[in-house]
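Encoded as structure tokens, the structure appears first; notes follow it.
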Amino acid sequence: MSDKPRKFKGGVHPEDSKALSASKPVQTAPLLGKYTVIVHQNIGAPPEIVVKKGDLVKKGQLLAKATGFVSVPLHAPTSGTVTAIEKCPGPACVSVPAIEITADGQDEWGSPFEPIADWQNADPAVLKQRVVDAGIVGMGGAGFPSHVKLSPTKPVDTLILNGAECEPYLTADHRLMLEQTEDVLLGAAILARILGLETAVIGVEANKPDAISKLNAFASNYNVTVQTLAVNYPQGAEKQLIYALTGREVPIGGLPMDVGCVVQNVASAVAVADAVIKGHPSIERITTVTGEPVVNPGNWRFRIGTPISKAIELAGGVKVQPAKLLLGGPMMGFAQNSLDVTVMKNTSGILLIPVEQVSQYTSEPCIRCGRCVEACPMDILPATISQAVENERFDWAEQLNVAACIECGSCSYVCPSHRPLNQHFKRAKAEILAAKRKQQKK
Amino acid sequence: MMLIITAVLFTAGLGALLALIIGATARAFAVETDSRIETVTEMLPGVNCGGCGYAGCADFAKAIVEGRTLPVQCPVSTSVHTARIAEYLGITAGEKEKVIAVVRCGGSCAVTVRSPYNGVSDCRSAVLVAGGAKGCDFGCVGFASCARACPFDAIEMRDGLAVVHPELCIGCGKCVDTCPKNLIVLTPAAVDVHVYCNSPEKGAVKTKVCKTACIACRKCVKAADNETQMTVNGFLVADNYSNPPISDLVEKAKCPTKALRLASKHAAGAYEGVSK
Amino acid sequence: MSESETTVVQMPDATKLVVSNSPHIRGGETISKIMVQVFIALMPAAIAAVWFFGLAALEVMVLCVMGCMAVEVLWNKAAKKPSGSWKDGSAALTGLLLAMNLSSGAPWWICILGSLLAIVLGKQLFGGLGYNPFNPALVARVALLIGFPQLMTSWIAPQPGNWLACDALTGATPLAATGKELASISDLFYGNVGGCLGETSALALLLGGAFLLFRRIIKWQIPASFIATVAIITGLAHHVNPELTPPALYHVLAGGLMIGAFFMATDMVTSPMTANGALIFGVGCGVITSVIRVWGGYPEGVSFSILFMNALTPLIDRYTIGKPFGYIRIKKETAQ
Amino acid sequence: MTSNLLAITVGAILVNNFVLSKILGICPFLGVSKKLSTALGMSGAVIFVMALSSMVTAFIYNYVLSQSFTIGGVVIKLAFLKILVFIVVIAALVQVVEIILQKFSPPLYQALGIFLPLITTNCAVLGAAELSVKAGYSVIESTIFGTCSAIGFALALILFSSLRERLDLAKVPAPFQGTAIALITAGILAMVFMGFSGLV
């Protein structure tokens, strides 16, 4: 592979604003008195709660067990008592079931998994079972169960580690690659073994030169190649990443394995390494708390169930009232209206956005400038689809391949008319799905 | 004279020739149609509201003629009209109870917690973002999708709440599918008293975000003429529409949150600013 | 530790947090910024027009710009629409483009009537900015051309540097000229010829066009294919029969081709959105322009051709939708 | 000969476009232009009817109606039957098209509705027959003239319907919605087609 940064078609170049927190080493958040662990943290079926109110739990003990293939178990972030099982604000501003654990302060491990020190000679099936048991999900944002991707039904020849972190502001993966370089590479090697591959490739955007050089220094020990990616949003989107690294196009509605690829986030790789080598389930993650209004932006290692109000407190609170609070990055993150939401396995960032940065959607008419068409990494026509949706012509939107949209938001980002394009696509997809369900019922 | 005869003969000959061609084509490409469908379509109101369950008035007419449904299923036509159709086809018009739509939520902006929302002004789009930005996850989000869908302008948006005017609603049900929170139900038109709440949450959770939520205090259940007139489902009380309560229940029950309302008075704005 | 206990940590007020769909940040582009940049790109041509035709040219431009903005404001008042739309600069730009399509000898009422036609007939009747299928300035120009053929085809001969050049020294537009009256190529390039304000200096228009291309406001496909097509067809026609029409370079530099290709055909609202569509659009404009110029009754065909292609734009858009990323493989698989 | 045919073609399609320059056939032009798909169907039907009818009418006119016969010592010229005969022929052709369409494309039949039988009284069809008689075209010439006039009609109709589909999405001021804005658009289109004048 050449050293030239790899890229894909389309995309946008937002101000990356990563300097706020890129140089801040990861700090471990202090133990809290109470954690509220949201039960459903993955894409797929929610796990089934196996504890009840009043139960004593140890750190890492199973709280909820997986209920099917596309489902992951949930573990206690610390030792203590289950004090409530009820609804709490969820990441989509809708209340969701959660388990409240009042910590006993001992932070005592229960019986963690048996460490598998000799992973090089371990049976791949055993390693994969460990990934299942540890409850690891895609920690880049989607929260897709990792073991599902590790069970391809089609031949796979390439394992890709996603270290692009193309979202502005976020630096969690950057710090992780810098500070836990060997863990990342070890995770990659274990994942490769599970898939029966010799090598893995890790893609990192060119705006993280320190991480790239550090990865390069150790990569050969683990049979991993480091590939520089052009700085272009959405470089970290699965399909765009695969195209940039291999030139293969994942079909619409298809999966990476359809083109022989498996993509895992770098944080998930570290979680895999922890689960295998140390026997720890997935109960913590690195999250960036940042944004211009934040007093001390930085990166913290939070346990799942940490309320974001505590996270913001750790970062010193805010200088001014922010206009928005987001979970995730500014391009694809979710706006929150409560500070009681808690950190989940896929919370890559807690972002506070000042008023002047916020995109105000005004729905001025489309002037057909075509900027969205140029920016779209999926080569669809955002402007036309949005007009179709505005007129509730969802069949037309379907013809225009709205299904291909990855909701990266590039179109809305460049639109001079400030049209809520991305929301239109979400609506179209929801309506098309609803119509299909209705038809199936008939 | 000769000229006239020749002209007549020529034209007649040409006409006969063309008639032959048309006749042949008609025979070759014959399509059977039932002229009654067209007649019935013309007798229907033609608003294509879909309230009958068919794609439009023409589709409904076809179903009537083919005996798959009865004229009375048209929610817009009066009994005089349906009787006329029945008479034309020599069938019975059938019987149907008149229904009207009820939006089971009383949470206007004045009495609920809402976040500032910036985006597409449409209920089904809004719920995709932060569940509609309303404190209550089950209440009316107030972006008027149902009001826009109503072919009879029977739904009014009042302070962020959809309110059905019973006297305008004909029960076509077009609004039902537009509500992302499934708040709209078709209820017997004779019933005037309804519980304007659809949240199954605990009372304490509800009252935190809405001042007019049903807190399942059961006052109405006890005040009703008999216990089965109201049904209790967890933390939510609702009418038992197969044995509905009569209108004076609202007076008798003294609902502490005014979730129990008369549809007619609700439409007239009698409960606005309650428990403020 | 003691310090953190004394200082109060300010927390965000959750009730004031706005919820909206992603993305939550946006690039700085706005409609008015685009309009202002096109306006700037027209400045060299405007200055050239004043240089060659004097203050009368300035008067026409001011009248049209003010006229269009005034009509926009009045229409919004009458139609009870939000009144702020004149601020986005689109009306002013339409006005300037209209002025570029008029002769410096145009009377004041032509400017006002043109503004009225452009804003009301060309734009607002269709629902305002973004919805008009035809280029508003060209609708006005063509309507005036058909309504007042005499006025619209009498040109003032250029008098470089003479600020008060307003007395009608009637000259012919170079495209109507035949045989020995042909202007020299350098006159055409610098703009020392009669015609509309925006038809004179190819140099000034090229400067503006280069600016627009550099700022990525317009797609290169439209001007490139438009000009190339005209050059090829007129070149062939001249080659076959030199008596019929002047050579290709003359056609490229003369008349409204430059302003049409860079400023009129590239109007975003009325041209295709996709790159392939833009190519087809440009070629179509070129073909019709050449046909009208070489064989038609009007000396100039740029406005007609652009309007014709405007009418074709919905069809072009419909049939140039490309295949999305990852589409080919689906087809292959279903074929198997 | 070829240059003459070329002149007829260009003239009928662009310069003397039936709809936009001669203002013939406005009824279906406004009536079936709401959707591109119906416009395409209508175009097909009109091209078929016009091509066939101008061929048949030219044949009848050139070989029967314009000739003088001597029957029983009386010289007879049937030219005065022109309009009557033309209409009968056109009506028959339209009827045939209608029957075939109803059989093979019921949705299109439904969509065209009353405008399909109305092709009979479409002045464009009669106009093509009349004008080719007036110009003294031969059977071949008038067939080409009829076909090209129909193509011109189709061009205008298709352009117009695609524009109207776009206008459907536009926020046209209430008083101008529907036919009003359609007529304004047609007017602008007609101005555009004036640019072709002088080509032949």
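Protein chains in written order, with this note's numbering: chain G, 20 to 461; chain L, 372 to 647; chain Z, 1209 to 1544; chain X, 24 to 223. Glycine included, each C-beta is placed from N, C-alpha and C at the ideal position. Computed from a predicted model, the values in this text were never measured in an experiment.
Quick one: list the residues of chain Z neighbouring residue i, beta-carbon separation under 9 Å, in chain order.
i	result
G490 (chain L)	V1227, S1228 and N1229
I167 (chain X)	In chain order: nothing, as chain Z lies at least about 20 Å away.
Below 8 Å on C-beta distance, what does residue i contact in chain G?
i	result
S486 (chain L)	C112 and N356
R495 (chain L)	R446, A449 and E450
G1509 (chain Z)	The premise fails here: G1509 (chain Z) is roughly 25 Å from chain G at the closest Cβ pair, so nothing lies under 8 Å.
Within the 9 Å Cβ cut-off, does residue i reach chain L?
i	result
K1224 (chain Z)	yes
D1395 (chain Z)	no
Q458 (chain G)	no
K106 (chain G)	yes
P51 (chain X)	no
So residue i contacts chain X; which residues on that side make the cut at Cβ distance below 7 Å?
i	result
W1503 (chain Z)	L222
Compare the C-alpha of residue i against each of the options and name the closest.
i	options	result
A1486 (chain Z)	Z:F1470, Z:A1287 and Z:R1501	Z:F1470
F1342 (chain Z)	Z:L1329, Z:L1359 and Z:I1320	Z:L1329
M397 (chain G)	G:V408, G:S429 and G:E383	G:S429
V447 (chain L)	L:V473, L:L415, L:A432 and L:V482	L:L415
G154 (chain G)	G:E411, G:P300 and G:G279	G:P300
T1521 (chain Z)	Z:M1476, Z:S1362, Z:Y1506 and Z:W1363	Z:M1476
A444 (chain G)	G:K461, G:N318, G:G348 and G:V421	It should be pointed out that residue 444 (chain G) corresponds to Phe in this sequence rather than to Ala. Of G:K461, G:N318, G:G348 and G:V421, the residue nearest in Cα terms is G:V421.
Find the residues of chain L that neighbour residue i, judging by a C-beta separation of less than 9 Å, and give them in chain order.
i	result
Q200 (chain X)	Residues of chain L passing the Cβ test: none, with the nearest at roughly 17 Å.
When burial is assigned at 16 or more other CB atoms within 10 Å of the CB, is residue i buried or exposed?
i	result
C185 (chain G)	buried
K37 (chain G)	buried
E413 (chain L)	exposed
I1514 (chain Z)	buried
P130 (chain X)	exposed
L59 (chain X)	buried
K455 (chain G)	exposed
P198 (chain X)	exposed
Q283 (chain G)	buried
N27 (chain X)	exposed
P435 (chain G)	buried
What residues from chain G crowd round residue i, counting only those whose CB sits closer than 9 Å?
i	result
V500 (chain L)	A111, C112, F353, A354, Q442 and K445
V1246 (chain Z)	Those within 9 Å of V1246 (chain Z) in chain G number zero; the least Cβ separation is about 11 Å.
When the cut-off is 9 Å and only beta carbons count, does residue i lie next to chain Z?
i	result
D176 (chain G)	no
A390 (chain L)	no
R25 (chain G)	no
G136 (chain X)	no
I181 (chain X)	yes
G218 (chain X)	yes
List the residues of chain X that residue i touches, going by C-beta distances under 8 Å, in chain order.
i	result
L1333 (chain Z)	V195, P196, F199, I204 and I207
Q246 (chain G)	Within chain X, no residue comes near Q246 (chain G); the closest Cβ sits about 44 Å away, beyond 8 Å.
Starting from the beta carbon of residue i, find every residue of chain Z whose beta carbon is closer than 8 Å, and list them in chain order.
i	result
L419 (chain G)	I1529
A504 (chain L)	V1227
Give a yes or no on whether 9 Å exceeds the smallest Cβ distance from residue i to chain X.
i	result
A575 (chain L)	no
P384 (chain G)	yes
N365 (chain G)	no
T396 (chain L)	yes
E409 (chain G)	yes
At a CB-CB cut-off below 7 Å, which residues of chain L make contact with residue i?
i	result
Y380 (chain G)	N489 and G490
Which residues in chain G have a C-beta closer than 7 Å to the C-beta of residue i? List them in chain order.
i	result
D508 (chain L)	V113 and S114
Could you name the residues of chain L that residue i contacts, counting a contact when the two beta carbons are closer than 8 Å?
i	result
L107 (chain X)	T382
Quick check for students: name the residue ranges of the alpha helix (DSSP H) that lie wholly in the region 1446-1473 of chain Z, counting only runs of 4 or more.
1456-1461
Which parts of the region 531-616 of chain L are runs of the beta strand (DSSP E), unbroken and 3 residues or longer, counting only runs that do not cross its ends?
532-535, 555-559, 564-566, 601-604 and 607-610
Curious, which full-length alpha helix (DSSP H) runs of at least 4 residues does the region 386-413 of chain G contain?
390-394 and 401-409
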